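Single-structure report; data block below.
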Amino acid sequence: MPRPYPPFKPCPCGSGRSYSACCQPFHTGEKAAPTPEALMRSRYSAYALADAEYVRRTWHPDTVPAELDLNDGVKYTGLRIHRAEGDEVDFTASMKSPDGQPHRMRERSQFVQLDGRWLYWRESE
Ligand SMILES: [Zn+2]
């Protein structure tokens with residue numbers, strides 16, 4: 001189950017907007033993310049809120065993992081988008097493992113549209 005998060009608080013994706021004005025409508029299914037960057041942000045927020053269902057729902061069926069456990073004690077501490085162009089988003093996600101150790105993950109992700117919706121496909125080569 002995703003962690004409840006107050007709609008008026010700053011969105012976990014770091015956009016500077018409130019959760020309700022940013023990623024929440026995507027998480028609830030009220031809207032679909034209009035761009036790869038918006039989808040990337042909403043997926044990061046979903047990781048932060050342990051919303052595995054959303055992360056799986058926005059992952060291409062060919063590459064989605066069979067199981068995804070987001071209740072692993074990892075804290076998501078920030079997202080930086082370096083570049084978003086075409087179907088690619090280059091970003092760094094920051095997190096802390098349960099023992100408090102900080103980590104950074106940089107990835108260039110590729111997204112693809114399926115039935116008019118953007119989905120995460122894979123890491124770019
Ligand atoms: Zn957001």
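Under the numbering used here, the first residue of the sequence shown carries the number 1, and numbering increases by one thereafter. Note that beta-carbon positions come from the ideal geometry of N, C-alpha and C, so glycine has one too. Values in this document were obtained by computation on a predicted structure and should not be read as measured data.
Below 8 Å, too few C-beta pairs join the region 85 to 102 and the region 52 to 66 to call them touching: fewer than three. L39: member of the alpha helix (DSSP H) spanning 36 to 48, first to last residue. Residues lining ligand 1 by the Cβ criterion, that is a Cβ closer than 6 Å to any of its heavy atoms, are C11, C13, S15, C22, C23, R41, S45 in chain order. Secondary structure at A84: strand, using DSSP grouped into helix, strand and coil.
Comparing C-alpha distances from Y5 to each of P36, F91, T35, S45 shows the shortest one belongs to S45. Taken through DSSP and simplified to helix, strand or coil, E125 comes out as coil. If you draw a 10 Å sphere on the C-beta of R41, you find 16 or more other C-beta atoms in it, and that means buried.
Taking C-beta separations shorter than 6 Å and ignoring five residues to either side along the sequence, the partners of A52 in its chain run L68, L70, following chain order. Beyond the five residues adjoining it in sequence on each side, Q24 comes within less than 7 Å, by CB distance, of P7 in the same chain, given in chain order. In this structure, H60 sits near L114, with a CB-CB distance shorter than 9 Å. Membership of V74 in any alpha helix (DSSP H) is not indicated, and neither H nor E is assigned to it by DSSP. From the listed residues T35, M95, A33, G116, the smallest Cα separation to K75 is found for M95.
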